[in-house]
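Protein chains: 2
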Amino acid sequence: MTVIALDAMGGDFAPDDVVKGAAWISLDTTIDVIIVGDEKKITDRLKELKHNPEHLSVCHASQSIKMDESPKDAIEKKPDASILVAARLVKEGKAEALVSAGNTGACIMACAKTFTKIPGIHKAALASVYPTETRRGRKNDPFSLILDVGATINVTANDLVTFAIMGSSYASRISKNPKPRVAILSNGTEEIKGTAEIVDAYRMLKDYKRINFVGNIEGIDIPKGTADVVVCSGFTGNIVLKMLEGVSETVMELAKYAYKTSYLWKLGLVMLRGAISQLKDITDWEQYGGAPLLGFESLFIKAHGRSKARATANAIKVAAKAASSGLIKDISTTIKDFSFV
Amino acid sequence: MTVIALDAMGGDFAPDDVVKGAAWISLDTTIDVIIVGDEKKITDRLKELKHNPEHLSVCHASQSIKMDESPKDAIEKKPDASILVAARLVKEGKAEALVSAGNTGACIMACAKTFTKIPGIHKAALASVYPTETRRGRKNDPFSLILDVGATINVTANDLVTFAIMGSSYASRISKNPKPRVAILSNGTEEIKGTAEIVDAYRMLKDYKRINFVGNIEGIDIPKGTADVVVCSGFTGNIVLKMLEGVSETVMELAKYAYKTSYLWKLGLVMLRGAISQLKDITDWEQYGGAPLLGFESLFIKAHGRSKARATANAIKVAAKAASSGLIKDISTTIKDFSFV
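First to last, the protein sequences are chains A and B.
Residue 204 in this note's numbering sits at position 204 of the first sequence, and the numbers go up by one each step.
To convert, count from 1 in the second sequence and add 341; that's this note's numbering.
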């Protein structure tokens with residue numbers, strides 16, 4: 001049985017929807033969840049919900065961090081914040097992975113403060129899953145993983161190599177893709193393209209057999225899904241991820257405009273409802289289960305800030321799957337192996 | 342009368358479509374075009390086309406550079422290549438701007454070899470126009486300008502500032518937007534977000550009154566068109582531009598899939614034909630007229646490699662408009678003024 005520490009106080013709909021997600025998990029799986037936060041609020045909420053008490057326990061934390069608080073100040077001034085208490089449960093071995101939908105900066109700082117880095121890894125990376133053009137046959141699912149999408153502004157070649165190893169390990173365990181295609185995002189596919197760090201990382205990865213490194217990809221390959229794991233700096237990853245978000249919003253705006261402008265177009269959109277809903281299913285972030293923070297001896301899955309019960313439950317499932325899959329051990333072994341190349 | 346030097350030998354459809362574009366221009370405008378390249382091929386082609394010989398002249402160049410040639414080798418080994426001959430015409434004052442649809446690397450190298458940099462500018466920037474969500478009222482056209490999309494991998498704060506000045510000057514002259522909103526693309530809107538170079542450039546631009554600097558924008562703002570001029574390194578610009586291209590292709594693929602999958606969806610798409618064709622008009626790169634290379638005392642407009650006659654003609658028009666608008670003088674004055682801030 002896998003034990004997950006869940007920060008009940010993080011997220012736009014915390015604690016009500018977070019606790020509801022845990023309640024669902026208790027009925028549906030054998031995962032044990034320690035719900036961390038304001039004990040009274042959590043137990044009051046649990047009383048309203050159908051749940052299996054055998055799989056749920058509550059750990060009190062007297063403080064919590066708001067979504068818009070300064071992460072640095074909050075982590076310093078609130079030692080009993082739910083995210084820190086939950087992280088300590090994982091660090092002490094009482095839980096196998098941490099899940100939170102809270103303030104991203106504060107979550108990452110809580111992990112950095114509490115967890116130990118895997119030897120050989122200098123920077124942890126936040127990885128995000130995004131939908132790509134479906135290619136049935138070649139790939140089971142239409143998702144790619146991109147990392148870092150966190151706070152790394154300047155990355156070294158070594159950082160990019162460790163991101164590649166961590167991303168490959170995560171994708172092979174979570175997406176059931178034994179040989180995920182790993183690529184570096186650059187301004188050209190040739191080996192000499194990109195920053196000096198990218199050129200060096202390419203050279204370091206190209207002969208390394210434990211990773212299915214397919215070289216550099218370009219921006220055009222992001223929506224196509226040419227690679228299963230896309231490696232870049234957090235600066236670049238942030239721009240890519242937010243552009244994808246912006247494009248979806250723009251498409252929705254254009255559809256709204258078409259819907260309002262002409263009866264014929266309105267009818268056309270109604271007829272395409274099935275196709276649009278298929279597309280919505282694919283691009284539905286609630287089913288992704290959250291973004292893993294990779295590079296520590298302990299695992300953290302960041303659920304989206306807007307997570308309701310379903311998204312929370314999916315994040316818990318992904319965390320349990322990753323924890324029981326030997327992900328951390330695999331990353332450690334590969335990093336150690338790589339140092340001898 | 343503005344004189345444009347046109348490289349007849351560059352582009353996938355050179356020289357036939359390039360010459361055709363010049364022939365159209367001669368009938369339609371008062372722009373004078375010097376068509377540079379293989380004299381026999383050009384005059385033979387002109388004989389087949391309706392044109393006004395008063396506005397056209399031919400300048401022979403015995404060599405030409407292929408689309409897939411190594412730019413560096415080609416520029417070194419072919420001193421009489423059409424792009425170099427045409428660039429020299431501009432440098433010598435015989436033409437006011439250069440237009441080519443040829444090998445981008447070779448074109449930029451020809452300019453770097455022939456033209457003089459504007460004092461105070463260390464790196465030239467290639468700027469590209471891209472379509473954004475239309476916002477009628479706030480902005481006359483749905484396009485934004487992004488620069489650099491060329492070869493700058495590492496940019497200094499000074500480079501970013503000069504890109505901002507050049508982009509603002511170009512947008513105000515070409516897009517009839519007297520106060521274009523200029524922004525730096527970063528991983529957050531706050532003043533402290535981004536690389537050290539971005540943070541410095543933000544500080545340098547924020548109090549500078551000659552530019553309508555609106556701060557940092559994020560990836561989500563690219564398709565929205567939050568800024569009229571987007572400033573970034575060539576590395577980032579390349580990824581952004583190619584992602585936009587990739588997203589369009591993906592949308593087309595999804596539409597094809599929907600068309601084939603169900604009769605209802607097919608009918609829906611047929612009904613939306615008008616909306617799709619409006620969208621195609623907006624995103625039609627052939628009407629953009631090409632990408633300006635900014636930073637030299639002479640002006641170069643890079644037409645798309647796939648330019649046919651219409652796109653060539655539009656590139657010539659943009660070049661003439663930019664040349665007669667006092668663009669270079671405005672950039673020089675602003676750069677000089679900025680140095681005193």
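Ideal placement from N, C-alpha and C gives every residue a C-beta, glycine not left out.
When you compare the CB of residue i with every CB in chain A, is at least one pair closer than 8 Å?
i, result
"isoleucine 669(B)", "no"
"methionine 612(B)", "yes"
"phenylalanine 504(B)", "no"
"proline 394(B)", "no"
"isoleucine 487(B)", "no"
"tryptophan 365(B)", "no"
"asparagine 495(B)", "yes"
"proline 564(B)", "yes"
Is residue i close to chain B? Criterion is C-beta to C-beta, closer than 8 Å.
i, result
"serine 262(A)", "yes"
"glycine 305(A)", "no"
"leucine 241(A)", "yes"
"isoleucine 174(A)", "no"
"lysine 78(A)", "no"
"alanine 157(A)", "no"
"arginine 136(A)", "At arginine 136(A), the pLDDT of 41 sits below 50, so the modelled position is not reliable and the matter cannot be decided from this model."
"asparagine 238(A)", "yes"
"asparagine 103(A)", "no"
"glutamate 69(A)", "no"
"valine 18(A)", "no"
Applying the 10 Å Cβ sphere with the 16-neighbour rule, what's the burial state of residue i?
i, result
"glutamate 48(A)", "exposed"
"threonine 536(B)", "buried"
"proline 292(A)", "buried"
"methionine 342(B)", "exposed"
"serine 618(B)", "exposed"
"asparagine 52(A)", "exposed"
"threonine 445(B)", "buried"
"lysine 180(A)", "Note on identity: in this sequence residue 180(A) is proline, with lysine being the wrong assignment. Counting Cβ neighbours within 10 Å, proline 180(A) comes out buried, since at least 16 surround it."
"glycine 434(B)", "exposed"
"aspartate 12(A)", "exposed"
"isoleucine 192(A)", "exposed"
"valine 270(A)", "exposed"
By how many angstroms is the C-alpha of residue j removed from the C-alpha of residue i?
i, j, result
"glutamate 197(A)", "lysine 601(B)", "44 Å"
"valine 426(B)", "isoleucine 657(B)", "17 Å"
"threonine 497(B)", "glycine 529(B)", "19 Å"
"glycine 326(A)", "aspartate 80(A)", "30 Å"
"lysine 547(B)", "aspartate 489(B)", "20 Å"
"glycine 540(B)", "isoleucine 153(A)", "Note that residue 540(B) is valine in the sequence shown here, rather than glycine. Roughly 12 Å between the two C-alpha positions."
"glycine 478(B)", "glutamate 594(B)", "Its pLDDT being 39, under 50, glycine 478(B) is placed unreliably in this model, and the coordinates cannot settle the point."
"histidine 60(A)", "leucine 89(A)", "12 Å"
"lysine 677(B)", "tyrosine 511(B)", "17 Å"
"serine 62(A)", "glycine 234(A)", "33 Å"
"proline 412(B)", "serine 423(B)", "14 Å"
"aspartate 358(B)", "cysteine 452(B)", "23 Å"
"leucine 368(B)", "valine 399(B)", "16 Å"
"valine 555(B)", "aspartate 379(B)", "48 Å"
"proline 460(B)", "methionine 507(B)", "13 Å"
"aspartate 414(B)", "alanine 320(A)", "56 Å"
"methionine 545(B)", "valine 502(B)", "7 Å"
Restricting to Cα atoms, I'd like to know which of the options is closest to residue i.
i, options, result
"glycine 630(B)", "Ile669(B), Phe554(B), Val440(B) and Gln619(B)", "Val440(B)"
"leucine 640(B)", "Lys649(B), Lys419(B), Val659(B) and Asp409(B)", "Val659(B)"
"lysine 407(B)", "Tyr471(B), Asp348(B), Glu559(B) and Lys435(B)", "Asp348(B)"
"isoleucine 331(A)", "Ile217(A), Lys117(A), Ile25(A) and Asn103(A)", "Lys117(A)"
"arginine 386(B)", "Ala363(B), Glu395(B) and Ser666(B)", "Ala363(B)"
"leucine 126(A)", "Gly150(A), Leu267(A) and Gly246(A)", "Gly150(A)"
"alanine 201(A)", "Thr43(A), Leu145(A) and Asp159(A)", "Asp159(A)"
"cysteine 448(B)", "Ile669(B), His645(B), Ala650(B) and Phe679(B)", "His645(B)"
"serine 324(A)", "Arg173(A), Ile220(A) and Lys40(A)", "Arg173(A)"
"isoleucine 372(B)", "Glu437(B), Ile617(B), Leu610(B) and Val359(B)", "Glu437(B)"
"proline 472(B)", "Lys329(A), Val251(A) and Phe296(A)", "Val251(A)"
"serine 680(B)", "Ile383(B), Ala415(B), Ile462(B) and Glu380(B)", "Ile462(B)"
"asparagine 579(B)", "Thr226(A), Gly219(A), Glu92(A) and Lys266(A)", "Gly219(A)"
"phenylalanine 115(A)", "Thr312(A), Lys329(A) and Glu297(A)", "Glu297(A)"
"isoleucine 375(B)", "Leu368(B), Lys643(B), Lys662(B) and Val344(B)", "Val344(B)"
"glycine 274(A)", "Leu608(B), His396(B), Gly615(B) and Arg614(B)", "Leu608(B)"
"isoleucine 669(B)", "Ala465(B), Val360(B) and Lys454(B)", "Ala465(B)"
Are the CB atoms of residue i and residue j nearer to each other than 8 Å?
i, j, result
"isoleucine 558(B)", "methionine 243(A)", "no"
"alanine 568(B)", "serine 485(B)", "yes"
"lysine 391(B)", "proline 356(B)", "no"
"valine 571(B)", "leucine 526(B)", "yes"
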